[in-house]
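In the numbering used here, the protein residues as written are 241 to 554. Please read the structure below before turning to the comments.
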Amino acid sequence: MTIVKHVNELIGNTPLLELSNFEESHKLPVRLCAKLEKMNPSGSVKDRAALFIIEKALKEGKLVAGTQKNPSKSVLIEETSGNTGIGLASIAASLNIRCICVMPENMSEERKQILKAYGAEVVLTPAQNGMQGAVDKVNELVTQIPGSFVASQFDNPANPEAHYKTTGPEIWEQSEGKIDIFISGIGTGGTLSGTGKYLKEQNPKIQIIGVEPAESPIITKGTTGPHKIQGIGANFIPDNYIAKYVDEILRCPSEKAFEYGKEIPKEGILCGISSGAALWAAEQVAFRPENAGKLIVCVFPDDGARYLSTNLFT
241 MTIVKHVNEL IGNTPLLELS NFEESHKLPV RLCAKLEKMN PSGSVKDRAA LFIIEKALKE
301 GKLVAGTQKN PSKSVLIEET SGNTGIGLAS IAASLNIRCI CVMPENMSEE RKQILKAYGA
361 EVVLTPAQNG MQGAVDKVNE LVTQIPGSFV ASQFDNPANP EAHYKTTGPE IWEQSEGKID
421 IFISGIGTGG TLSGTGKYLK EQNPKIQIIG VEPAESPIIT KGTTGPHKIQ GIGANFIPDN
481 YIAKYVDEIL RCPSEKAFEY GKEIPKEGIL CGISSGAALW AAEQVAFRPE NAGKLIVCVF
541 PDDGARYLST NLFT
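Structure representation (C-alpha cells):
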C-alpha cells in the first residue's frame, strides 16, 4: 500500500505544464512551461517555505507540536498576504499548534476564509500600510503573547532554503536540464532566490528573472505605491531577496497581471493574479530575438479559486 501518513509528505513535486494554447495563440517562438504550485496541499507555493520554517522551529525547540487531547502551548504568528499564512495554518493545524495570521485588510475574502477554515486567527491591518503594517502588528503581538514564534518569511533563511532544496531540483529534473530562463514574482524573494541559486549552480547561463509590480518598483526604482497584484510587491526589499542570483527584474502593471491571468483558464487551470504577472513577463522575454527556441519556466504560485471575489475572472 502507498499511504501518506502526514500532509507534509504531499508538499512539493508539483507538475511542470507546457502552456500549449498560450504558445499557439500568442505565436511564441519559445517553449513556455509553468510550475503549478497550486498542486501543493494548501494550494500554493508557500507550502514549501511553511514546511521548512516549521520543521526548523520544531527542531530548535521554538515550537512544540501538540495532540488532539493536549494542544501545543506554542503560538505561531506571521504576517502574510494570504498564501504563507494558509500554508502555515495548514501545517499548524495538523500539529495542533495555535496559529495567528496578520494580513492587510484588502487581501481577497477567500484567503481570509481559508485561514479561518484551518482554525487560524486572522488579524487585519489597514490596507494603506501594506505588508509593513502587518509586520509592525506582528512585532506588537509577539510581545503580548507568551510562547509565540514568528515565522518571519521575509528574512527566515529556511524560506529560500526550501526552494534551493525542492523547487530548483524539481525544475532541473523535470526539464532534463534544458531550462534556459526561470521567471518568478517577488514577494518574500524566497522562490526567486532559492530556485535561482540552485539553477545557477547547475548552469550559470540560466537567466533568473524576477517580476515586481510596476506601481511599486521598490527593487528597480526604490519607490513604492499601491498595486493590485496580491502576493508580490511587499513595498520593502526583503532580506530573502538575494540580488546576486537574479539577472533581471521586470515591472508588470497590475492591469496586465489581470489581463494575462484571464488567459490561464484556457489551459484548463485556474491560477491567481501573480501567475498572470509571471505569464506577462514570460511573453516579454519570449519575443526577444536572442531567446528564440529557448525553454522558459515560470512559477504559477497559487490557485485561482481564492480570487473569485476579485475581478480576475470577470
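Ideal Cβ placement from N, Cα and C applies to all residues, glycine included. Please read all numbers here as calculations on a predicted model, not as lab measurements.
For residue i, three-class secondary structure by DSSP
{"i": "R338", "result": "strand"}
{"i": "E258", "result": "strand"}
{"i": "D376", "result": "helix"}
{"i": "M343", "result": "strand"}
{"i": "E455", "result": "coil"}
{"i": "Q447", "result": "strand"}
{"i": "N284", "result": "A small correction: the amino acid at residue 284 is Ser; Asn does not occupy that position in the sequence shown. Reduced to three states, the DSSP call for S284 is strand."}
{"i": "V525", "result": "helix"}
{"i": "V315", "result": "strand"}
{"i": "S433", "result": "helix"}
{"i": "S265", "result": "helix"}
{"i": "L535", "result": "strand"}
{"i": "L291", "result": "helix"}
{"i": "I469", "result": "coil"}
{"i": "E300", "result": "coil"}
{"i": "S515", "result": "helix"}
{"i": "S549", "result": "coil"}
{"i": "S330", "result": "helix"}
Backbone CA spacing between residue i and residue j [nearest angstrom]
{"i": "K278", "j": "G512", "result": "9 Å"}
{"i": "D376", "j": "P493", "result": "27 Å"}
{"i": "I489", "j": "F527", "result": "16 Å"}
{"i": "L364", "j": "A374", "result": "8 Å"}
{"i": "G387", "j": "Q524", "result": "48 Å"}
{"i": "L256", "j": "P505", "result": "16 Å"}
{"i": "H403", "j": "N310", "result": "33 Å"}
{"i": "K275", "j": "W412", "result": "12 Å"}
{"i": "Y485", "j": "G430", "result": "11 Å"}
{"i": "N396", "j": "G473", "result": "18 Å"}
{"i": "R491", "j": "A522", "result": "12 Å"}
{"i": "D287", "j": "T324", "result": "7 Å"}
{"i": "I226", "j": "A398", "result": "Look at the range of the chain in this structure, 241 to 554, and you will see that residue 226 is not part of it."}
{"i": "F389", "j": "S330", "result": "16 Å"}
{"i": "Y481", "j": "T464", "result": "16 Å"}
{"i": "S348", "j": "K468", "result": "11 Å"}
{"i": "I354", "j": "M371", "result": "19 Å"}
{"i": "F235", "j": "G427", "result": "Residue 235 lies beyond the residue range present for the chain, which begins at 241 and ends at 554; the question has no answer from this structure."}
{"i": "I280", "j": "K437", "result": "In the sequence under discussion, the amino acid at residue 280 is Asn, which differs from the Ile named in the question. Going by the C-alpha atoms only, they are around 22 Å apart."}
{"i": "Q470", "j": "E507", "result": "22 Å"}
{"i": "E441", "j": "G417", "result": "12 Å"}
{"i": "G462", "j": "E452", "result": "12 Å"}
{"i": "P400", "j": "M343", "result": "21 Å"}
{"i": "K405", "j": "A333", "result": "24 Å"}
{"i": "E361", "j": "K352", "result": "9 Å"}
{"i": "F382", "j": "N475", "result": "Inspection of the sequence shows that residue 382 is occupied by Val rather than by Phe. Cα to Cα, the separation comes out at about 22 Å."}
{"i": "W520", "j": "D487", "result": "18 Å"}
{"i": "I459", "j": "I423", "result": "16 Å"}
Test item: CB-CB of residue i and residue j under 8 Å
{"i": "L303", "j": "S314", "result": "yes"}
{"i": "N253", "j": "E495", "result": "no"}
{"i": "I477", "j": "A391", "result": "no"}
{"i": "F498", "j": "L552", "result": "yes"}
{"i": "N336", "j": "L291", "result": "no"}
{"i": "L439", "j": "I446", "result": "yes"}
{"i": "D542", "j": "G301", "result": "no"}
{"i": "E318", "j": "R546", "result": "no"}
{"i": "A517", "j": "V539", "result": "no"}
{"i": "L454", "j": "V270", "result": "A quick correction: the sequence has Ala, not Leu, at residue 454. No; because the gap between Cβ atoms is not below 8 Å, this pair is not in contact."}
{"i": "E258", "j": "L268", "result": "no"}
{"i": "E345", "j": "P366", "result": "yes"}
Alpha helix (DSSP H) segment containing residue i, residue limits
{"i": "F498", "result": "494–501"}
{"i": "E507", "result": "Here E507 belongs to no alpha helix (DSSP H), and DSSP marks it neither H nor E."}
{"i": "E349", "result": "349–357"}
Opening and closing residue of the beta strand (DSSP E) in which residue i lies
{"i": "R271", "result": "271–276"}
{"i": "S424", "result": "421–425"}
{"i": "T365", "result": "361–365"}
Worksheet item: At which residue ranges does the segment 390–418 contain complete alpha helix (DSSP H) runs of 4 or more residues, listed in the order of the chain?
Response: 398–402, 408–414
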